[in-house]
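Chains Z and P are the protein sequences, given in the same order. For any residue, its number in my numbering is found by taking its place in the first sequence, counting from 1, and adding 11. For any residue, its number in my numbering is found by taking its place in the second sequence, counting from 1, and adding 53. Glycine is no exception: its CB is placed at the ideal position from the N, C-alpha and C atoms.
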Amino acid sequence: MQYVSPYMVFLENNISTDNIFPNQHLNNYDLLDYSQFLFSNSDPKTRKTFFSAKAKGVRILIVGKNFGYGSSREQAVWALYDCGFKILISNQFPFLFKRNLINYSILPIEIDIECIKVLSNNITLGIVGNSLSVDIRNGLISNNLDIHIPFNASQIELSVVNSIFDSSMYQEKLIERINKSTWR
Amino acid sequence: MDKEIEEIWNSHVIDQIDGIDVLYIDKLLLHDLTSLRALQNIVRQGKSVLKPKDVFVIPDHVPIDAKDIVSSSLTMQVKQYSEVLGLNYINPFNPHFGITHLIIEQLNVATKGSIIAGGDSHITSAGAFGLLSFAVGTKDIERILLTHCLPVKRPDQFNVHLSGKKFVWTTGFDIMLFLIDKLSNMPVNGHILRFVGNYIDEASLEEKMTLCNFSADLGVFSSIIINDNHSIVSNSESDKNKHASDKIKALYKFDISSVLPRITFSTLPNLSITLSESIPYYKAEHPLLRLEYLKGLEYMGFKVGQKLEGLKIGSVFIGSCIGGKFSDILSAEAVIKGKKVASHVKAFLSVGTNAILNKAEELRIIDSFRNAGFEILSPGCSMCTSLSEVSLENNCYIVSTISRNCIGRQGQNVRTLLASPISAAHFAVEGFIYKYY
Numbered sequence: 012m013q014y015v016s017p018y019m020v021f022l023e024n025n026i027s028t029d030n031i032f033p034n035q036h037l038n039n040y041d042l043l044d045y046s047q048f049l050f051s052n053s054d055p056k057t058r059k060t061f062f063s064a065k066a067k068g069v070r071i072l073i074v075g076k077n078f079g080y081g082s083s084r085e086q087a088v089w090a091l092y093d094c095g096f097k098i099l100i101s102n103q104f105p106f107l108f109k110r111n112l113i114n115y116s117i118l119p120i121e122i123d124i125e126c127i128k129v130l131s132n133n134i135t136l137g138i139v140g141n142s143l144s145v146d147i148r149n150g151l152i153s154n155n156l157d158i159h160i161p162f163n164a165s166q167i168e169l170s171v172v173n174s175i176f177d178s179s180m181y182q183e184k185l186i187e188r189i190n191k192s193t194w195r
Numbered sequence: 054m055d056k057e058i059e060e061i062w063n064s065h066v067i068d069q070i071d072g073i074d075v076l077y078i079d080k081l082l083l084h085d086l087t088s089l090r091a092l093q094n095i096v097r098q099g100k101s102v103l104k105p106k107d108v109f110v111i112p113d114h115v116p117i118d119a120k121d122i123v124s125s126s127l128t129m130q131v132k133q134y135s136e137v138l139g140l141n142y143i144n145p146f147n148p149h150f151g152i153t154h155l156i157i158e159q160l161n162v163a164t165k166g167s168i169i170a171g172g173d174s175h176i177t178s179a180g181a182f183g184l185l186s187f188a189v190g191t192k193d194i195e196r197i198l199l200t201h202c203l204p205v206k207r208p209d210q211f212n213v214h215l216s217g218k219k220f221v222w223t224t225g226f227d228i229m230l231f232l233i234d235k236l237s238n239m240p241v242n243g244h245i246l247r248f249v250g251n252y253i254d255e256a257s258l259e260e261k262m263t264l265c266n267f268s269a270d271l272g273v274f275s276s277i278i279i280n281d282n283h284s285i286v287s288n289s290e291s292d293k294n295k296h297a298s299d300k301i302k303a304l305y306k307f308d309i310s311s312v313l314p315r316i317t318f319s320t321l322p323n324l325s326i327t328l329s330e331s332i333p334y335y336k337a338e339h340p341l342l343r344l345e346y347l348k349g350l351e352y353m354g355f356k357v358g359q360k361l362e363g364l365k366i367g368s369v370f371i372g373s374c375i376g377g378k379f380s381d382i383l384s385a386e387a388v389i390k391g392k393k394v395a396s397h398v399k400a401f402l403s404v405g406t407n408a409i410l411n412k413a414e415e416l417r418i419i420d421s422f423r424n425a426g427f428e429i430l431s432p433g434c435s436m437c438t439s440l441s442e443v444s445l446e447n448n449c450y451i452v453s454t455i456s457r458n459c460i461g462r463q464g465q466n467v468r469t470l471l472a473s474p475i476s477a478a479h480f481a482v483e484g485f486i487y488k489y490y
């Protein structure tokens, strides 16, 4: 499986889920498009870049360290998904946000900070028009300058495990086991 | 993992998929803002909850007096779906109602050695009871509702050893601001944190809850305090042998006797100083870049080298899952009793639970706050969610006993300074930040 898309860079570190999807909109439970509140408390430049990424069909987002820390709200992930992102690349994701991304079919990829610097093209916020190609099966990110960055495919591990866990056959077996045994 | 934690973990592993443990979850605690979609999905698919009596739904985030139609419609739906699925719905008028993490004892879910999952990241508070508790998003909530299980990769463990006797005005809140500052660059993301040391042995239950609560903001998977901690870090030879099989990634030791009351100066809990220090120049060890450091200060309206001492504040909020426990309210009351809140300060109190409110009313503690000029808000997450009816002026400085201060947390352009309930009470009375000790 391969994604080829222009990409957005947003390298600020320690962006919390509060920033991504602010508190005061969490009561909106049934939105058709959660991206309307994406970064709604942040500076206009950040917001504008995200909307422009959405309009241009950008699928890949490169973010700073610890992007998505804090509150467990999955709305932050829904908003990024509704903005069109399929792949997020960082040098470190908080464990809970990483789980939430995987659960909502966005692939989090962790690579070395030096590789982030190479890919980000010296910009900290903006859209890079040249496409990035992400080969999920072989764990390889490539750009048009012939730079190839391998990533650990184990990040896909949990999504595979999840799909087994979510199958009704597995869950029936599991429930039978819980009901039969002395499990609590 | 050390022996005790491994025992808890292993006793909950019901299966493995591709080497990842499938954990049995004893109890699931949900709130109003992150659970509705999971509940809806189950009903729409015609499925049922495996153990509805082990699931608790506590609508603590939307204030009980919320007047907007979206919020009330959300709460109403959460209630209806919970009832249809047979879950324990704790309505705001129930005497046990309160912020999820503060009522686990009343709900009888604080069983030592158990595993709890929660829809709120501060569920780590429950670790004070010697159990493992971790936060999950909406999709994982749905999985647990259906099967009471979740595939989770076995986390690593690190220990924090706290020794010494704390300074009289210092609280667990200040110790955590200190620890988050010290540990923010350490590789603790997704780990289990175990607190040990003589300070922990002597700490009260509520103080332990404060430590475990705030550790969520270190990015840990779970944090835990198990009694009989001292043997783990003893240096004697026999103990070393006894724990030879322990697999702990790291041990961080701190003497807390020199920790003084602290306050944050930017938009991350990691950045705090004591009340007499000036805002430091950017250092490479700060967990962010120089420009980001300056951006945080710009939002707050501060400059490097500036002291917070003397800063005029517009508001004070005492409450939330970290600052709304009985001992927090009591410690703040000792400061404000018989005094008045400064005339330019809007002060708010929201105790964590109905039970605490009733007790504090009975003991006339709430009267002390009322007489001092505090507005009393209903129990719950209150002003920590910015869904509350209270709105503050642009650029207002608010000293809050909560654990998050990111941009817009308490309303657009509101500038939040995190401090302990004792500090917040002092500043409410004087109207500015000062070194009160």
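Is P:Val-137 close to chain Z, meaning its C-beta is less than 8 angstroms from at least one C-beta of that chain?
Within the second sequence, the letter at position 84 stands for residue 137 of chain P. With 8 angstroms as the cut-off, P:Val-137 does not count as an interface residue toward chain Z.
Z:Arg-110 to Z:Asp-93 span [Cα, whole Å]
Counted from its first residue, the first sequence places residue 110 of chain Z at position 99. Counted from its first residue, the first sequence places residue 93 of chain Z at position 82. Their backbone Cα atoms lie some 18 angstroms apart in a straight line.
Does P:Val-123 come within less than 8 angstroms of chain Z when only Cβ atoms are used?
Translated into the one-based positions of the second sequence, residue 123 of chain P becomes position 70. Cβ-Cβ to chain Z under 8 angstroms: yes for P:Val-123.
Quick test of your reading: P:Ser-331 and P:Gly-358, contact by CB under 8 angstroms. State the CB separation rounded to the nearest angstrom.
Here residue 331 of chain P is taken as the residue at index 278 of the second sequence, counted from 1. Here residue 358 of chain P is taken as the residue at index 305 of the second sequence, counted from 1. Their Cβ separation, rounded to whole angstroms, is 5 angstroms, which keeps P:Ser-331 and P:Gly-358 in contact under 8 angstroms.
Let's see if you can read the secondary structure: which residues bound the alpha helix (DSSP H) around P:Glu-414?
Walking along the second sequence from the start, residue 414 of chain P turns up at place 361. It spans 407–415 - the alpha helix (DSSP H) in which P:Glu-414 sits, taken as one unbroken run.
Applying a beta-carbon distance threshold of less than 7 angstroms, which residues of chain P neighbour Z:Asn-25?
In the first sequence, the residue the question calls residue 25 of chain Z occupies position 14. Under the 7 angstroms cutoff, chain P gives Leu-321, Pro-340, Leu-341.
Identify every run of the alpha helix (DSSP H) within the region 145–169 of chain Z, keeping only runs that are complete inside it and at least 4 residues long; order them along the chain.
none
Exposed or buried, Z:Ser-16, counting other C-beta atoms within 10 Å across all chains shown (16 or more means buried)?
Counting from one through the first sequence, the residue named residue 16 of chain Z turns up at place 5. The residue is buried, with at least 16 neighbouring Cβ atoms inside 10 Å.
Quick one: is Z:Gln-35 near chain P, going by C-beta distance under 8 angstroms?
Counted from its first residue, the first sequence places residue 35 of chain Z at position 24. By this cut-off, Z:Gln-35 is an interface position.
Please go through the same chain and pick out, in chain order, the residues whose beta-carbon is closer than 8 angstroms to the beta-carbon of P:Asn-294, but skip the five residues on each side of it.
In the second sequence, residue 294 of chain P corresponds to position 241, counting from 1. Below a pLDDT of 50, predicted positions are generally treated as unreliable, and P:Asn-294, at 44, falls in that range; the measurement from the model is reported next regardless. None.
Mind checking which residues open and close the beta strand (DSSP E) that includes P:Cys-374?
Counting from one through the second sequence, the residue named residue 374 of chain P turns up at place 321. First-last for P:Cys-374: 373–376, but that is the alpha helix (DSSP H), not the beta strand (DSSP E).
Measure the beta-carbon distance from P:Ile-78 to P:Cys-202 and round it to whole angstroms, keeping in mind my assumption that it falls under 8 angstroms.
Taking the first residue of the second sequence as 1, we reach residue 78 of chain P at position 25. Taking the first residue of the second sequence as 1, we reach residue 202 of chain P at position 149. Between P:Cys-202 and P:Ile-78 the Cβ distance is about 6 angstroms, and since that is below 8 angstroms, they are a contact.
At least one CB of chain P closer than 8 angstroms to the CB of Z:Phe-48: is that the case?
Counting from one through the first sequence, the residue named residue 48 of chain Z turns up at place 37. Not an interface residue.
Beta carbon of P:Leu-89, beta carbon of P:Gly-171: below 8 angstroms?
Locating residue 89 of chain P in the second sequence gives position 36, counting from the first residue. Locating residue 171 of chain P in the second sequence gives position 118, counting from the first residue. The answer is no: Cβ separation not under 8 angstroms.
So Z:His-36 is in the alpha helix (DSSP H); what residue range does that whole segment cover?
On the first sequence, position 25 is the one that residue 36 of chain Z refers to. Premise fails: Z:His-36 is in no alpha helix (DSSP H) and is neither H nor E.
For chain P, is any of its Cβ atoms less than 8 angstroms away from the one on Z:Arg-188?
For the purposes of this step, residue 188 of chain Z is identified with residue 177 of the first sequence, where counting begins at 1. At least one chain P Cβ lies under 8 angstroms of Z:Arg-188.
Own chain residues within Cβ distance below 7 angstroms of P:Ile-278, not counting five before or after
By 1-based counting over the second sequence, the position of residue 278 of chain P is 225. If we look at P:Ile-278 and ignore the five residues flanking it on each side, its Cβ neighbours are Gly-180, Ala-181, Gly-183, Phe-248, Ile-253, Lys-261, Cys-265.
P:Leu-127 touches chain Z at which residues, Cβ-Cβ below 7 angstroms?
Here residue 127 of chain P refers to the residue found at position 74 when the second sequence is read from its first residue. Here the neighbours are Asn-38, Tyr-40.
Return the chain-ordered list of same chain residues with a C-beta closer than 7 angstroms to the C-beta of Z:Asp-146, the five sequence neighbours on each side being excluded.
Walking along the first sequence from the start, residue 146 of chain Z turns up at place 135. Gln-13, listed in sequence order.
Determine the chain Z residues that contact P:Ala-385 at a beta-carbon separation under 9 angstroms, and present them in chain order.
Taking the first residue of the second sequence as position 1, residue 385 of chain P is located at position 332. Here the premise fails: no neighbours, minimum Cβ distance about 24 angstroms.
Which of helix, strand or coil does DSSP assign to P:Cys-202?
Residue numbering aside, residue 202 of chain P sits at position 149 when the second sequence is read from its first letter. P:Cys-202 falls in the strand class under three-state DSSP.
For Z:Gly-140, name the three-state secondary structure that DSSP assigns.
Taking the first residue of the first sequence as 1, we reach residue 140 of chain Z at position 129. Reduced to three states, the DSSP call for Z:Gly-140 is strand.
Exposed or buried, P:Gln-210, counting other C-beta atoms within 10 Å across all chains shown (16 or more means buried)?
Position 157 of the second sequence holds residue 210 of chain P. Buried.
How do the region 383–403 of chain P and the region 471–485 of chain P stand: do at least 3 beta-carbon pairs fall below 8 angstroms, yes or no?
yes
Continuous alpha helix (DSSP H) stretch holding P:Pro-112: start and end:
One-based indexing of the second sequence puts residue 112 of chain P at position 59. It is not in any alpha helix (DSSP H) - P:Pro-112 carries neither H nor E in the DSSP assignment.
Between P:Lys-302 and chain Z, is there a C-beta pair that is closer than 8 angstroms?
Residue 302 of chain P sits at position 249 when you count from the first residue of the second sequence. So, not an interface residue.
Determine the extent of the beta strand (DSSP E) in which P:Ile-228 is found, giving its start and end residues.
Position 175 of the second sequence holds residue 228 of chain P. That residue, P:Ile-228, is in no beta strand (DSSP E); its alpha helix (DSSP H) goes 225–236.
Give me the Cα-Cα distance between P:Phe-480 and P:Glu-415, rounded to the nearest whole angstrom.
As a first step, residue 480 of chain P is located in the second sequence; it is residue number 427 there, counting from the start. As a first step, residue 415 of chain P is located in the second sequence; it is residue number 362 there, counting from the start. Those two C-alpha atoms are separated by around 26 angstroms.
Give the DSSP-derived three-state secondary structure of P:Lys-365 in the structure shown.
Against the second sequence, residue 365 of chain P aligns to sequence position 312. Of the three classes helix, strand and coil, the one that applies to P:Lys-365 here is strand, per DSSP.
Can you round the beta-carbon distance between P:Val-115 and P:Val-108 to whole angstroms, since I take them to be within the 8 angstroms contact cut?
Position 62 of the second sequence, counted from the first residue, corresponds to residue 115 of chain P. Position 55 of the second sequence, counted from the first residue, corresponds to residue 108 of chain P. 19 angstroms between Cβ atoms; not a contact.
For the beta strand (DSSP E) that P:Arg-468 lies in, which residues bound it at each end?
For the purposes of this step, residue 468 of chain P is taken as the residue at position 415 of the second sequence. First-last of the beta strand (DSSP E) with P:Arg-468: 468–471.
Measuring only between beta-carbons, confirm whether Z:Pro-119 sits less than 8 angstroms from chain P.
Residue mapping note: residue 119 of chain Z aligns to position 108 of the first sequence, counting from 1. Not closer than 8 angstroms to any Cβ of chain P, the Cβ of Z:Pro-119 fails to qualify, so no.
Under 9 angstroms Cβ-Cβ, which residues of chain P neighbour Z:Asp-29?
Your numbering for residue 29 of chain Z matches position 18 in the first sequence. Within chain P, the residues near Z:Asp-29 are Arg-457, Cys-459, Ile-460, Gly-461, Arg-462.
Starting from the N-terminal side, write out each stretch of the alpha helix (DSSP H) that is 4 residues or longer and does not extend beyond the region 18–77 of chain Z.
28–31, 55–66
Helix, strand or coil for P:Ser-124 per DSSP?
As a first step, residue 124 of chain P must be located in the second sequence, where it is residue number 71. Helix.
C-beta neighbour in chain P for Z:Phe-162, strict 8 angstroms:
Your numbering for residue 162 of chain Z matches position 151 in the first sequence. For Z:Phe-162, the answer is no, since every Cβ of chain P falls outside 8 angstroms of its Cβ.
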